[in-house]
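So the protein lines, in turn, are chains A and U. If you use the working numbering, the first sequence corresponds to residues -1 to 191, in order. If you use the working numbering, the second sequence corresponds to residues -1 to 191, in order. Positions of the beta carbon are idealized from the N, C-alpha and C atoms, including for glycine.
2 protein chains.
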Amino acid sequence: MSFPALFSYLESIMPFSDSEREVIASKFSPLEIKRKHKLLISGKVCNAYFFVVSGCFRMYGVDDKGYEHNIQFAADRDWIADIGSFYSQKPSQLNIEALESSLVLRIAQSDLYELFSSQPKLNRIFKIMIENKYIELQNRVLQNFSSTAEERYLAFLEHYPHLKNRLPNTQIASYLGITPEFLSKIRKDLRDS
Amino acid sequence: MSFPALFSYLESIMPFSDSEREVIASKFSPLEIKRKHKLLISGKVCNAYFFVVSGCFRMYGVDDKGYEHNIQFAADRDWIADIGSFYSQKPSQLNIEALESSLVLRIAQSDLYELFSSQPKLNRIFKIMIENKYIELQNRVLQNFSSTAEERYLAFLEHYPHLKNRLPNTQIASYLGITPEFLSKIRKDLRDS
DNA sequence: CGCGACGTTGATTTGCCTCAACGATTGTGG
DNA sequence: CCACAATCGTTGAGGCAAATCAACGTCGCG
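This is the structure we're talking about:
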């Protein structure tokens, strides 16, 4: 169990010794997840973090009318968890679902906390990761307020080139906060012009 | 310089010894900021974090058409900075402006990094703070997608009771992502019903 | 006092949604 | 290996939430 994808990610931030790698790797378990299967179900506590080795996931909430709204996608070499539920240990309102058959590495909350104590470097890595996710979200809030749906769609294509040919348009529409029908119209307008 | 407001906040999370307090306090400088003055101006790098002792600030971006969009407010015992610019040391696209005459404690980026090394506890406190801000933003994204402006306004009043009598409605409208005129209509409808 | 920020109201416009219908594609069980 | 269901993308007609533009009264402040 050497998890090259995980360490390639970790060591892109800072180096680890062989013994550190061994301790860290021992806490992660590989999981194969089939398309449409879930890593987290709304109502349950999110008691693990997941590192996506390959495949693709979406995290989404469901509103009063039953509509789903994608909060974020996570593909190769990305992390995913409901951070709010994970740290508060309260039930999550979100779901994490595989959009493709995927391979993830799972680390339980208690094991991650142990690593935070024994491997202080991991604290920094997780701090950096959350900062990055925070910045992404902040840009999204700003953009939702200041751009039309078409502008947001174009920005999405530019910002996530590795996702655009991998996701059905319905999923992209849900991420942009519009209906699939309206995204279809946007795409038609872009083709026509 | 004992900064009771700062340590009352820090010690609500974890205790500090007298000597720790002294080292930490030595890195913060108090600043008085008058209404409408800025802690951060778009185009500059955000090279400090601010702890708001008293008063109130908004952080906002300006879109192509010149409209301002409030990203967040920070009042008593809250932190404010453009986290993205702070960590990347790239120019910020945001502004931080006092809505009232305020008192803040400023810590420069280099001093904060020094404290992160010498006072590991602060790492955890900042990690927790960013997690909380992340959760807040995530809820905001979800709510923007799944609620009407009226629902978001009511949720704002409920979630930020200490701000609602302190902010002009134009600022609240900007935070909610609607025009001041439309907020006025919402308030009228709520009064009439 | 007079100016500028603020809140309100009304008329009109528009971006996006809703609902409905229809082909194309995928995938799955018999 | 085919038949059928399910998912996906598209198009169109009609409707609604919120924006835009314009006007006006109020208040606090220099």
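Bounds of any beta strand (DSSP E) do not take in U:P166, whose DSSP letter is neither H nor E. Looking from the CA of A:Y47, the closest CA among A:S83, A:S17, A:Y65, A:S40 belongs to A:S83.
A:E179: member of the alpha helix (DSSP H) spanning 178 to 190, first to last residue. Beyond the five residues adjoining it in sequence on each side, U:L8 comes within less than 7 angstroms, by CB distance, of F14, I123 in the same chain, given in chain order. The C-alpha of U:E66 is placed about 34 angstroms away from the C-alpha of A:S86. Using a Cβ-Cβ cut-off of 8 angstroms, A:S144 counts as an interface residue toward chain U, since at least one Cβ of chain U sits closer than that to its own. Taking each of U:G175, U:C44, U:S17 in turn and checking the Cα distance to U:I105, the smallest one comes out for U:C44. Around the beta carbon of U:E129, 16 or more other beta carbons sit within 10 angstroms, so the residue counts as buried. Around the beta-carbon of U:S17, fewer than 16 other beta-carbon atoms lie within 10 Å, marking it exposed. Note on geometry: alpha-carbon atoms of U:K125 and A:K125 lie some 6 angstroms from one another. For U:G175, the chain A residues whose Cβ falls inside 8 angstroms of its Cβ are N142, F143, in order along the chain. No Cβ of chain U is located within less than 8 angstroms of the beta carbon of A:D109. The C-beta distance from U:V50 to U:D76 rounds to 5 angstroms, short enough to fall under 8 angstroms. In this structure, A:R19 is the residue among A:N121, A:R19, A:A147 with its C-alpha nearest to the C-alpha of A:P2.
Inter-segment contact for the stretch 107 to 116 of chain A and the stretch 25 to 41 of chain U is absent: fewer than three beta-carbon pairs are separated by less than 8 angstroms. Identification of residues in the stretch 149 to 162 of chain A having a C-beta nearer than 9 angstroms to some C-beta of chain U yields an empty set. By alpha-carbon distance to A:M57, the top candidate from A:K63, A:P118, A:N68 is A:N68. In terms of Cα proximity to A:S100, the closest of A:I78, A:Q91, A:K88, A:P89 is A:I78.
Of A:V21, A:N121, A:L38, the smallest CA-CA separation from A:N93 is found for A:L38. When rounded, the separation of the alpha-carbon atoms in U:M127 and A:K186 is 44 angstroms. The beta-carbon of U:Q136 is placed less than 8 angstroms from the nearest beta-carbon of chain A. Secondary structure of U:K119 (DSSP, three-state): helix. Contact annotation: in the stretch 116 to 128 of chain A, residues whose CB is within less than 9 angstroms of a CB in chain U are P118, N121, R122, F124, K125, I126, I128. No Cβ of chain U is located within less than 8 angstroms of the beta carbon of A:D76.
Put simply, the CB of U:D187 is far from chain A, with every gap to its CB atoms at 8 angstroms or more.
The beta strand (DSSP E) runs lying completely inside the stretch 3 to 82 of chain A and spanning 3 residues or more are 27 to 31, 36 to 38, 46 to 52, 54 to 60, 66 to 73, 76 to 78, given in chain order. Flagged as an interface residue toward chain U: A:Y65, by a C-beta distance shorter than 8 angstroms. Within chain A, no C-beta atom comes nearer than 7 angstroms to that of U:Y47; the closest sits roughly 13 angstroms away.
Residue range 147 to 157 is occupied by the alpha helix (DSSP H) that includes U:L155. The beta carbon of U:I69 sits closer than 8 angstroms to some beta carbon of chain A. The beta carbon of U:I184 sits closer than 7 angstroms to those of A147, E148, Y151, all from its chain and outside the five residues before and after it, given in chain order. Contact annotation: U:G175 and A:N142 have beta-carbon atoms nearer than 8 angstroms.
An exposed status is given to A:G64, since fewer than 16 other beta-carbon atoms sit within 10 Å of its beta-carbon.
Contact between U:Q136 and A:L135 is confirmed by a C-beta separation of about 6 angstroms, below the 8 angstroms threshold. At least 8 angstroms separates the CB of A:Y7 from every CB of chain U.
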